[in-house]
Structure formats: structure tokens, C-alpha cells
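Just below is one structure, and these are the notes that go with it.
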Amino acid sequence: MNPAAGMRMWLTVGVAAVALSGAATRAQADSRSIVVASTTSTQDSGLFEYLLPLFKEKTGIAVKVVAQGTGQALDTGRRGDADVVFVHAKAAELRFLAEGESLRRYPVMYNDFVLIGPKSDPAGIKGLKDIEQALRTIEAKQAPFVSRGDRSGTHLAELALWKACGVDIEQVRGSWYKSIGQGMGAALNFAAASNAYVLSDRATWIHFAHKADLEIVVEGDRRLFNQYGVMLVNPAKHPNVRRAFGQAFIDYLISPEGQRAIANYKIHGQQLFYPDANDPGA
Amino acid sequence: MGGETLSALHLLFTGDPALLAIVRLSIAVSLSATMLAALLGAPLGALVALTRFRGREVAIVALNAMMGLPPVMVGLVCYLALSRSGPLGAWGLLFTPKAMVIAQTILVTPIIAAITRQTVEDLWAEYRDELTAMNVGPIWRVATLLWDGRFSLATAFLAGYGRAAAEVGSIIIVGGNIEGFTRTITTAMALETSKGNLSLAIGLGIVLLLIVILVSALAMTVRRAGERFAG
Amino acid sequence: MTMVRAPSSDLPIVFAGVDIRRGATVLLRNLSFTISAGPPTVLVGPNGAGKSTLLRAAMGLIAPTSGGITWAGRKVPSPTGRAIVFQRPVMLRRSCAGNLAYALAAAGVVGADRQSRLTDLLRIVGLEAVGDRPARQLSGGEQQRLAMARALARNPAVLFLDEPTASLDPAATKAIEDLVRAVSDRGVKVVMATHDLGEARRLAGEILLLHRGELIESRPAQKFFADPVTEAAKRFIAGELLV
Chain A
117 MNPAAGMRMW
127 LTVGVAAVAL
137 SGAATRAQAD
147 SRSIVVASTT
157 STQDSGLFEY
167 LLPLFKEKTG
177 IAVKVVAQGT
187 GQALDTGRRG
197 DADVVFVHAK
207 AAELRFLAEG
217 ESLRRYPVMY
227 NDFVLIGPKS
237 DPAGIKGLKD
247 IEQALRTIEA
257 KQAPFVSRGD
267 RSGTHLAELA
277 LWKACGVDIE
287 QVRGSWYKSI
297 GQGMGAALNF
307 AAASNAYVLS
317 DRATWIHFAH
327 KADLEIVVEG
337 DRRLFNQYGV
347 MLVNPAKHPN
357 VRRAFGQAFI
367 DYLISPEGQR
377 AIANYKIHGQ
387 QLFYPDANDP
397 GA
Chain B
944 MGGETLSALH
954 LLFTGDPALL
964 AIVRLSIAVS
974 LSATMLAALL
984 GAPLGALVAL
994 TRFRGREVAI
1004 VALNAMMGLP
1014 PVMVGLVCYL
1024 ALSRSGPLGA
1034 WGLLFTPKAM
1044 VIAQTILVTP
1054 IIAAITRQTV
1064 EDLWAEYRDE
1074 LTAMNVGPIW
1084 RVATLLWDGR
1094 FSLATAFLAG
1104 YGRAAAEVGS
1114 IIIVGGNIEG
1124 FTRTITTAMA
1134 LETSKGNLSL
1144 AIGLGIVLLL
1154 IVILVSALAM
1164 TVRRAGERFA
1174 G
Chain C
461 MTMVRAPSSD
471 LPIVFAGVDI
481 RRGATVLLRN
491 LSFTISAGPP
501 TVLVGPNGAG
511 KSTLLRAAMG
521 LIAPTSGGIT
531 WAGRKVPSPT
541 GRAIVFQRPV
551 MLRRSCAGNL
561 AYALAAAGVV
571 GADRQSRLTD
581 LLRIVGLEAV
591 GDRPARQLSG
601 GEQQRLAMAR
611 ALARNPAVLF
621 LDEPTASLDP
631 AATKAIEDLV
641 RAVSDRGVKV
651 VMATHDLGEA
661 RRLAGEILLL
671 HRGELIESRP
681 AQKFFADPVT
691 EAAKRFIAGE
701 LLV
């Protein structure tokens, strides 16, 4: 084998490598697409798998969803790495607006959280209608509790509830409170394994296959409702934002057609999301 | 538990398009990255092996150490670099398969470079007298060492591919695990795990193992064929 | 096969007051002698005398620490024209023919010429039967012969051999010695190191006796063996010279 043949071999390898990586990226209709930063619980609910094909069929626009925690999703928007952010943490969203990262927030829908706990109910709160009372009791009895701990919308909602019921969770948390820094499914697994209470969104709970000894202990309290908002990242701040396509997605979500589609999304016959784009207070 | 695991394999063998897309992307990303890493790493390793320069010992230690680069760290650095608000933002590569290839190339290059360096250095110690006596020039020398050491280098390639195929930390950050676009077997496994679908995750893992075994077997076949014809 | 002598010969090779040190060790001390065209020059001496070092220096692989070596009056040897077979030759990870092809290519032989020379070389060293076998699987004697073929592929005017029969059985030794004789008869200057006195007697035209890096005697072979001058030479021929 002489050097010339050797060089040729390397060249072929090189061309193949580049071609292959090109092929890897070929499968994208990159011209008609947007990047939407959303949350893991929204993705896990299966809503996107249901909704996005409907949107694509109607407009030909492909939606690429990057699912992160709410905090991370908004950060992705701040960096200009997404065209649209679609999360469920109103306070954080309003802050986003105030920073000028978006020009308008559109409410879209709400789902609800449920408090999950072991059938043995060590804190004795099953059937309560008052979530704050339930949480106070858990803290008082130091019953095992799992938190997502990942700045997600669910986590922020959990923290807000602790605050609302007068518990300074940073102060009083002990070994009964486990902050695991992971997604909803992982948190539910953890709760199942350790017979603990956990706050979950209803969709993930319905989907969750390994319920073991867990069941819903508190639901229906208005304070457990979880409002979703969608925002176009400000094109003035980030010129690469695909303004027209992004706005088309938002317009679809709040249109009667989109809102109907959202309401029609069911798991095991149960509706998960309640459209409220026209609710001024949402 | 077995049910979902089996269903993953069943999806594979019945050609479920979503799963096939994931498999295709996994192979494309990891293989491309490994090939690019070989293009960069083999000459680099040969260079370090054959030239005397100040700080050579330090370079060798660094090269060996970088074999253990934490994937998440590489992913984060690439993420910050490729983000629109980062230095390379204009390329618009974040959340695309190209970014995943870049991240994995960074992870794999040190492996190939370090193993190449060791191989070439050992082989040069053996061949040095003869090649010098035959008046072989520097470029030809490198080509000879790389060619005669090709079986060890093939092992380096396999080691690199294994590292790329198995990792998730970097590609999930720079790729975003977007369904139908940047989702690979490992990122899908991470997703299913976080959703609590552990048996599906394991099923996917088995699919990944099958692929890696296949690549390994292929390499072995090529090697056997090569050995029969070579010295 | 006709072996065409390389156009610009490196002979005579002249050592003038050559010292070669590595660190604190003196390998060769104040060496002065000439290698001229003619019958084989054989280096003898006990182990560690500096024979290998001398061969490498004459080949141009080691530079003297002091003193000078000239090749046909030049300070730098010609790029081709010399070849060396090391004491333990290393086979490239290829077939026998592959090794030869490599050596031929390195010597600048290209095209159709290469194939015919390859076949010739295999025939000369008696390895036609094993041309396709991986070279590293050959026996010691076969590898030594292949190494010689590689050296001959360069069409050298001067051939350096470092103890070529050191680890070979009598049959293989004879094969190599026959080869050396044939090569020398065709006009190639052979410079060979050996620790085998009998071999030296059989092959040498001229003897150089080395001991502890110094040249003790340098004489035509017959005179050396019949009538050694120095004490060291007498003891060496009698088999008594220790390192």
C-alpha cells in the first residue's frame, strides 16, 4: 500500500463522513418550520403529538418542540434559540414580557394539578377539597413528599402553593421533603417507590403506567389550575425569529378551530386541557 | 415489564417508521461524528507520536485525559457556543443534527487521537531503523505507520463509535430531543425514563445494543478479510 | 539479473579520527580507516566492541561526535547507493512480496520495472515459494533473507550487514553466506560484522578488529589470520579475548 492510495482512502472516508452528516440533516423541511420551547409535562401529556400534525396539515408548517423545564424554556427564548415559548407559569411569563423578550402574551388553555399520595394516606388528607390545608398537614406531620425541584412550571406551582399556605418550605424542609431535580414521570416513580405525596399534572398522572399504591388524594381546588400562555419571541431583539410562522402557530392555538382541537384531546376518555383563550383573566 | 420491552423490539422488526427514523438518526450522527473524529484525530495522534516538541509529555497527558471528557460539559459548551446569542449563533446550528455531530466529534476525537498516538509511537519504535535506512520521507512514514497499524486504529474507531453511540448527555442538550428531528435512541431512552416508561426505555436500549454489536461484528469481518490478504 | 551499480558511488568511505559518544558512554574512539571497493570487509570483535555502531555510522545513520566521515570525498552520503541489514531486521506487517514492493518503492523503482525486479529478488534469495505469506510468519532464516532482498532492492553499491547469521542454523547460515558471496562477486561492496571467526575466514577480503570501540588491527584477511600483529588480535583468534 503506497501513500497515494492511503491518502485516497482517507479522502473517501472524509467525503463519506461529510455526506453522511449531511444526510443526517437532510430530513428536515427547514424552510417551513419553527422552534417552540415548551415544557416536559406538556410534551409528556401527548398534546403535541396530537395537535401539531393538525397544524401542519392546515399550514404546512412543521413545529419542532424543544421540551425543557419552564425556566429553561423561557431562557431558550431569551437567547433567541426558539421562535415561540409555550409554558405554564404566569408570573415567569409576565416577567418575560416585562423584560421585552416578547411583545404579547396569549392565554391558551389550562389543565390542573392533582395531589397524589399513597393509599395508606399517612397524613390523613384524602378527600380534602382545600389544597392549602392538605399541604399544611403534610408539613406538620412530616409526611414524605417528592418535589420535582427543577424550576419547571409544576415545580414553581408547588412552591407557590407552599408559600400561599404559609409554609416557608426552604426553612422547614427536612428529610421528609425530597427534591429530585427531574421530570414528572421520574418524580412519580420516586413517589411510588417511597410511598410519598407528590404534586402532578393530571395528564402525566393519567399516562403514568406504574401507579403502584398511589392514587389521587386532592383535586378540584381552583388553586390547582394551571394556566398556559404562548408568546412570540420578540423579533426586534432576535432578528432570526420566524415571525410569520410563529404568529401563525399562535393564531391557530387561539382560533376556534385550535381551541376545539385542544378540548377534543382526551386520554382514556378524559379531557386534559380546557381552552380559555377568550378568558380575559387567564 | 417484559411486555413493553418486547414491544420496542417488535416495533423495530415490523419497521415502525418513528422508531426507524430514530435508529437512522442515531447511526448517522454517531457514525459521522466518529468518521470526522478519525479524520481529525488520527493525524493529530500521529503528529504527537512522531514529533519532538516542548510540552510533548503534557500534550500526551492532556490527550489521554480528554478521553474522559464529560458529555454534559461538552454539550453545555457547544450549546452556549451555538446558541443564537453565542459566538457561533449565526450558523443557526442549535437544535439540529449537525450540532449533535459537532458535539460528538469533540467527544470522540481525543479517543482516536490518544489511541492513534500510542499505536503509532509503538510501531515507530519498531520500524524506525528500517524506515530510516530505506530513506523514507516524513509523509510516507506517517502513511506507512497508519496503514500498518490499521487494525489497532480500527479498534480506536470502534471505541470512538461506542462512546458516541452510547452517550446522551451532549446530544440531548445541543439537539433538544425534538421529536422526528433530533431524537435518537439514547435521547428517546432518557425521555421515556423521565416519563416513567422504564421498560420501553430498556427495550430501546436493547435496540441500541443490537446496533453496536452489529457494527462490531462488521468491523471484525472486515478485519478478518483484511488479515487474510495482508501481512 | 544484472545489478547496475549506482551511478554516484559512495566509495571510498573514509573515517578520520571518528569519536561517537552517547551521553557518557564512548562507543567508538578515534577511528581512522578506509572502506574501498573490492572483496568484503569484515568487522570482528567481541560483543559490545562497537561493530554495529560502526556499520550505522558508515551507513550514515549516526553522526560522529568528533572527527569526520566522508563518502567518495563528500561530507554527505548520496541518498541511495547504500543499504543495511540490521542485526534483528523488522518485517513490515505485509506479505514478503509486500515488503519487497515497499522497499522498491522507497528506492524509487516504479511501474512495470517494480514487478520484474520483485520476482528477481525473490528468486535471488530463494523465497519465491513464500512470496504471498505474511512476512512476520517466516522463520528467522527466511526473515534474514527477506531483509537482504529488501536491501538489495535498493541496488546498493555498498551493503552493510550486521551479524546476518547470528541466530541461524547451519543450513540457513550457508544460504546467507552463499548470497553474500554472490552479491560481492557482482561488484557490490559488502561490509559485514560477525562474531563467527569461521565465517570471517570464509568471506573476508579484509578484516577490521574492534575492541572496546577502538580499531585494533586492519589488515587483509589472510595476513590477519596467518600472522596477527597485536596481542589482542592473537588472543582474539585464539578465542581468548574477553570484552
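Residue numbers (the numbering used here), protein chains in the order written: chain A, 117 to 398; chain B, 944 to 1174; chain C, 461 to 703.
No residue lacks a Cβ here, since even glycine has one placed at the ideal position from N, Cα and C.
Predicted model only: the values in this text are computed from it and were never measured.
- Between His354 of chain A and Gly196 of chain A a beta carbon distance of about 3 angstroms is seen, short of the 8 angstroms cut, so the two are scored as contacting.
- Of the other Cβ atoms in all chains shown, 16 or more fall within 10 Å of the Cβ of Gln375 of chain A; this residue is therefore buried.
- The shortest CA-to-CA distance from Gly591 of chain C to any of C:Gly558, C:Ala613, C:Gly568 and C:Ile584 is the one to C:Gly558.
- Secondary structure in the stretch 605-646 of chain C: the beta strand (DSSP E) runs of 3 residues or longer, each lying completely within the stretch, are 618-622 in chain order.
- Here the alpha carbon of Tyr390 of chain A sits roughly 18 angstroms from the alpha carbon of His323 of chain A.
- For the 8 angstroms CB-CB criterion, Val1117 of chain B and Gly1018 of chain B form a contact.
- Counting only the Cα atoms, Leu669 of chain C lies some 23 angstroms from Lys634 of chain C.
- Approximately 15 angstroms separates the beta-carbon atoms of Val640 of chain C and Leu606 of chain C; this is outside 8 angstroms, ruling out the contact.
- In the DSSP secondary-structure assignment, Met1016 of chain B is not bridged to any residue.
- Within the stretch 1103-1171 of chain B, the complete alpha helix (DSSP H) runs of at least 4 residues fall at 1112-1118 and 1128-1138.
- Counting C-beta atoms within 10 angstroms of its own C-beta, Leu701 of chain C has 16 or more neighbours from the protein chains shown and is therefore classed as buried.
- Going by DSSP, Met225 of chain A is part of the beta strand (DSSP E) stretching over Ser218 to Pro234.
- Residue range Ala178 to Gln184 is occupied by the beta strand (DSSP E) that includes Ala183 of chain A.
- Apart from sequence neighbours up to five positions away, the residues of its chain that approach Phe546 of chain C with a beta-carbon distance below 6 angstroms are Asp622, ordered along the chain.
- Under a 10 Å Cβ-count criterion, Thr625 of chain C is classified as buried, with 16 or more other Cβ atoms of the shown protein chains found around its own Cβ.
- Bridge pairing for Asn1078 of chain B: absent [DSSP].
- Val1155 of chain B and Ser969 of chain B have their C-alpha atoms some 11 angstroms from each other.
- By the C-beta criterion, the stretch 336-355 of chain A is judged not to be in contact with the stretch 175-187 of chain A, since fewer than 3 inter-stretch pairs fall below 8 angstroms.
- With contacts defined as CB atoms closer than 8 angstroms, Ile480 of chain C and Ala518 of chain C fail to qualify as a contacting pair.
- Annotation for Val262 of chain A: no alpha helix (DSSP H) segment contains it, though the beta strand (DSSP E) segment containing it runs Phe261 to Ser263.
- A distance below 8 angstroms separates the beta carbons of Val585 of chain C and Met608 of chain C.
- Identification of residues in the stretch 527-545 of chain C having a C-beta nearer than 8 angstroms to some C-beta of chain B yields Pro539, Thr540, Ala543 and Ile544, given in sequence order.
- Of the residues assessed, Val689 of chain C falls on the exposed side of the cut-off, its CB having fewer than 16 other CB atoms within 10 angstroms.
- Close to His326 of chain A, with beta-carbon spacing below 7 angstroms, are these residues of chain B in chain order: Gly1139.
- Under the three-state reduction of DSSP, Pro1030 of chain B is assigned to coil, being neither helix nor strand.
- Contact of Gln298 of chain A with chain B is assigned, a C-beta pair being separated by under 8 angstroms.
- Counting every other CB atom within 10 Å of its CB across the protein chains shown gives Asn394 of chain A a total below 16, marking it as exposed.
- Every beta strand (DSSP E) stretch that sits fully inside the stretch 464-498 of chain C and reaches 3 residues is listed by chain position as 473-482 and 485-495.
- Within the stretch 333-367 of chain A, contact with chain B at the beta-carbon level (separation under 7 angstroms) is assigned to His354 and Asn356.
- Bridge pairing for Thr155 of chain A: A:Gln184 [DSSP].
- At a beta-carbon threshold of 9 angstroms, the residues of chain C lying near Thr1075 of chain B are Leu521, ordered along the chain.
- Close CB contacts of Asp337 of chain A within its chain, under the 7 angstroms cut and outside five residues either way in sequence, are with Lys245, Asp246 and Ile247 (chain order).
- By the neighbour-count criterion, in which a residue is buried when 16 or more other Cβ atoms sit within 10 angstroms of its Cβ, Ile378 of chain A is buried.
- Under a criterion of Cβ atoms nearer than 7 angstroms, the residues of chain B adjacent to Asp160 of chain A are, in order, Lys1138.
- With fewer than 16 other CB atoms across the displayed protein chains lying within 10 angstroms of its CB, Asp687 of chain C is exposed.
- Boundaries of the beta strand (DSSP E) harbouring Pro680 of chain C: Glu674 to Pro680, taken from the DSSP string.
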